[in-house]
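Quick note: the sequence shown uses my numbering, first residue -6, plus one each step.
Using N, Cα and C, we set each Cβ at its ideal position, and we do this for glycine too.
Below is one structure; the comments refer to it alone.
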Amino acid sequence: MKSKRTKFWSGNNRFRLMVLAVVLPAASLIYVNFHHLKSIKRNKHLEGAIHRDFQQMLAISEKKINQKAYTMTEEARDLFPSPDTDTESEKRRKLDVILSKSPWLAHVFLFDIERDFLFRSQPQQMRDGDFREEHEHLAKMFAGWLGFDGKMFVEQIHKKNQPVMCQSFQVKRAGGDAYMTSAFFVLPQLPKDRVVLGGVSFEPNYLQQTFFPEVLEELIARKLTEEGGNQLAMVVYPTDYAGEHGDKRLAASAGWREGKPEVSRNLDDAFRGLALGIKFQGTSVEALGRAWVQRSFLILGVLSVLLVGGLVLTYRSVSKEVALARLKSDFVSNVSHELRTPLALIRLYAETLELGRIKTQEKVEEYYRIISKESERLTALINNLLDFSRIEAGRKEYDFRETDIAELVRNTLDAYRYQIEQQGFAFEQSIDSSLPAVRVDREAIARALVNLLDNALKYSADDKFLGVKVYGANGVLKLEVVDRGIGITRREQAKIFEKFYRTGDPLVHNTRGSGLGLSLVRHVTHAHGGKVEVESTPGKGSKFTLSLPLAAATQQPTNYKASGATAS
């Protein structure tokens, strides 16, 4: 018994080692992730990361916006007249040509500190009073400004990587105040100390309706193509407006609705006085962070449940293996005893007879009966073991033949009647002789019946009663074995047909047995297309019922090879 306990506890020790090797690292990882998620939720790390990404995108967007404005300015600069070779009329004509080719420009101008200042505007807009007033105001302002600071402007432009300087103004258009920027540049063919400046003024309506919407959509499309993610929306607005009172945005992408941007950046160089804002469409960074944290907690929870479920399944599997190992150990011990007992008796009585010590014929015949009975007992045990071995290996075959089932049961009971009577059992049998012949394996059915009878004899300590009934009902053959023994609890009734399983009743453990009888009964019944059922009450006995469909039984092939899977 000590060795069995040692095996059992060694199995549990292996499970504990598995827990230490698998569960502790997994639980530690879950614990660390949980606290990391709590930290992310508390300190808003995700929102900060998204804001940094937004800031980076705005910085890149500003460079691209400035670069596009500079490119357009340089295209216009390449068409400017020469201050030295062109006459004043040719200069005006060439400036007018630039305006006609570039409707996105409101004004162009050329300043030469040694000669003159030319300021030209879109001719078709000069009929508008506000635009004509703007033309006169800017011409006068630029002439005085450049005349005073022109040399300083030239020096500053030559120091810049991008030889363009911009100035922004508020002007009037039909819709009210409008934003206009003017770009100043030097002509590349002139020496650096020559104070000559060209310039263009971007049309406010073009900036608001075309330039900014197009560049914003291009930036958003490129961002989604390269990185994917949620849809973005961008806006350009004056720096003195934060999106809280009215809609003073200058331009916005298609997905912009209302509200403040998540992150904004003041534009420099080409568009001073404007700010660039960005946010997600239809949601906020805070909501995304909250959703991400909730989703992460949910995933962590699911993983934790899966881990616990895996541990439970592993524990059950290990426990089952440990229990099976214990049952196998008990099986070997019980079978060894079962084999040794009849062999010892056979040898004892055979040697006694061989030595001639028995003087009376009556005693000799008694010894022969004992030897025969123990031989039959030994044969039945060995047949059970052989059947079980064939079933486990998937080689068990059944020989189905036309059989008078009533006659088969009577013969089996007659062969077993001596043992029943010797143990003092009251015996009743009810066999319907009108049952039709069916195709069954005679030996298998007889052995199944013997196993049920043997169980009833072993586990009926006080009220020794045994009843066998064979009858037909609704096209089904019923074979019942009833006893008034110790009974079986409801919890164990589903397990008693498993191999090696024995109930926890003390009488069962004190009675030798292999734990294979009922497993073989179930296999035989299933091989015949039927089923075995048990009805039992602890302390009041049990009723085992084999149900074989008569129609199905008659259709079985002559030889049936059973799979080992059904025996487990």
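Exercise. Note down, in chain order, each residue of its chain lying with its Cβ closer than 6 Å to the Cβ of Asn259, except the 5 sequence neighbours on either side.
Key: Around Asn259: Thr232 and Ala268.
Quiz item: What separation, rounded to the nearest whole angstrom, lies between the Cα atoms of Phe490 and Ser512?
Solution: One Cα belongs to Phe490, the other to Ser512, and the distance between them is close to 5 Å.
Quiz item: The beta strand (DSSP E) with Arg515 in it runs from where to where?
Solution: DSSP places Arg515 outside any beta strand (DSSP E); the residue lies instead in the alpha helix (DSSP H), whose first and last residues are Gly510 to Ala520.
Practice problem: Could you round the C-beta distance between Lys272 and Pro254 to whole angstroms and report it? I think they count as a contact, below 8 Å. | Solution: About 5 Å; that satisfies the 8 Å criterion.
Quiz item: What are the residues that DSSP puts in a beta bridge with Leu98?
Solution: In the DSSP assignment, the residues bridged to Leu98 are Phe195.
Practice problem: Examine the Cβ distances between the region 466 to 475 and the region 525 to 539 and report whether three or more of them are shorter than 8 Å. | Solution: A contact exists between the region 466 to 475 and the region 525 to 539.
Quiz item: Does DSSP put Pro542 in a helix, a strand or coil?
Solution: Residue state, collapsed to three classes: strand.
Exercise. Give me the Cβ distance between Gly140 and Leu190, rounded to the nearest whole Å; I'm assuming they're in contact under 8 Å.
Key: The beta-carbon separation of Gly140 and Leu190, rounded to 11 Å, does not stay under the 8 Å limit for a contact.
Quiz prompt | First through last residue of the alpha helix (DSSP H) which encompasses Gly349 | solution = For Gly349, there is no enclosing alpha helix (DSSP H), as DSSP gives it neither H nor E.
Practice problem: Closer than 6 Å by C-beta to Ile58: which residues in its own chain qualify, once you throw out the five before and the five after it? Chain order, please. | Solution: Excluding positions up to five away in sequence, the list reads Val208.
Quiz prompt | Ala487 to Thr530 span [Cα, whole Å] | solution = Spanning the alpha carbons of Ala487 and Thr530 requires a straight line of approximately 14 Å.
Quiz item: Among the residues of its own chain, which have a CB less than 6 Å from the CB of His151, if the five just before and after it don't count?
Solution: Around His151: Lys185.
Exercise. Tell me, please, whether the region 450 to 457 touches the region 421 to 438 by the rule of three or more beta-carbon pairs shorter than 8 Å.
Key: In this structure the region 450 to 457 does not lie against the region 421 to 438, because fewer than three pairs of beta carbons, one per stretch, are closer than 8 Å.
Quiz item: Which whole-angstrom value is the C-beta distance of Asp132 and Phe112, which I expect to be below 8 Å?
Solution: The residue you asked about is not Asp; residue 132 is Ala in the sequence shown. Yes, Ala132 and Phe112 are in contact; Cβ-Cβ is about 4 Å, under 8 Å.
Quiz item: Among residues of its own chain, excluding the 5 on either side of Gln416, which ones have a beta-carbon nearer than 8 Å to its beta-carbon?
Solution: Excluding sequence neighbours, Gln416 sits near Leu450 and Lys457.
Practice problem: Run the CB neighbour count on Ser257, radius 10 Å, all protein chains shown included, and call it buried at 16 or more, exposed below. | Solution: Taking a 10 Å sphere around the C-beta of Ser257, we find 16 or more other C-beta atoms and assign the residue as buried.
Quiz item: In three-state DSSP terms, what is Arg394?
Solution: Strand at Arg394.
Quiz item: Near Thr212, which residues of its chain fall below 6 Å by C-beta distance, leaving aside the five closest residues on each side in sequence?
Solution: Note on identity: in this sequence residue 212 is Leu, with Thr being the wrong assignment. Take Leu212, set aside five residues on each side of it, and the residues of its chain with a beta-carbon closer than 6 Å to its own are Ser54, in chain order.
Quiz item: Quick one, which of Ile339, Glu83 and Ser246 has its alpha-carbon nearest Thr203's?
Solution: Closest by alpha carbon: Ser246.
Quiz item: Span of the beta strand (DSSP E) holding Lys272?
Solution: Per DSSP, Lys272 belongs to the beta strand (DSSP E) from Leu267 to Phe273.
Self-check item: Pick from Gln201, Ser175, Gly303 and Asp79 that is closest to Gly192, judged by C-alpha positions
Solution: The residue with the shortest Cα to Cα distance from Gly192 is Ser175.
Quiz item: Which runs of the beta strand (DSSP E) spanning at least 3 residues fall entirely within the region 158 to 216, listed in chain order?
Solution: Along the region 158 to 216, the beta strand (DSSP E) occurs as fully enclosed runs of 3 or more residues at 169 to 178 and 189 to 195, listed in sequence order.
Quiz item: Does DSSP classify Arg113 as helix, strand or coil?
Solution: Residue state for Arg113 is assigned as strand, using DSSP reduced to three classes.
Exercise. With DSSP collapsed to three states, give me the class of Asn154.
Key: DSSP places Asn154 in coil when its eight states are reduced to three.
Exercise. Report yes if the C-beta distance between Thr396 and Leu442 is below 8 Å; otherwise report no.
Key: Not closer than 8 Å, so no.
Practice problem: Could you check if Ile292 is buried or exposed, using at least 16 other CB atoms within 10 Å of its CB as the buried criterion? | Solution: The C-beta of Ile292 has fewer than 16 other C-beta atoms within 10 Å across all chains shown, which makes the residue exposed.
Quiz item: Who are the Cβ neighbours of Lys462 in its own chain at under 6 Å, not counting the five residues just before and after it?
Solution: The residues are Ser423 and Glu473.
Quiz item: Just curious, the alpha helix (DSSP H) that Gln562 is in, first and last residue?
Solution: In the structure as shown, the chain begins at -6 and stops at 561. Residue 562 is therefore absent and cannot be evaluated.
Self-check item: Asp447 - containing alpha helix (DSSP H), residue span
Solution: First-last of the alpha helix (DSSP H) with Asp447: Arg435 to Lys451.
Self-check item: Between the CA atoms of Asp77 and Arg108 - distance to the nearest angstrom
Solution: Just so you know, the alpha carbons of Arg108 and Asp77 end up roughly 10 Å apart.
Quiz item: Short check: CB of Gly534 to CB of Gly465, under 8 Å?
Solution: No; because the gap between Cβ atoms is not below 8 Å, this pair is not in contact.
Practice problem: Going by CA-CA distance only, name the one from Asp89, Met158, Lys94 and Val164 that's closest to Glu126. | Solution: The residue with the shortest Cα to Cα distance from Glu126 is Val164.
Exercise. Report the residue from Asp121, Gly460, Ser426 and Tyr409 whose alpha carbon sits nearest the alpha carbon of Ala419.
Key: For the set Asp121, Gly460, Ser426 and Tyr409, the Cα lying nearest the Cα of Ala419 is the one of Gly460.
Quiz prompt | CB contact flag (Met134, His128, <8 Å) | solution = Pairing Met134 with His128 gives a Cβ-Cβ distance that is not under 8 Å.
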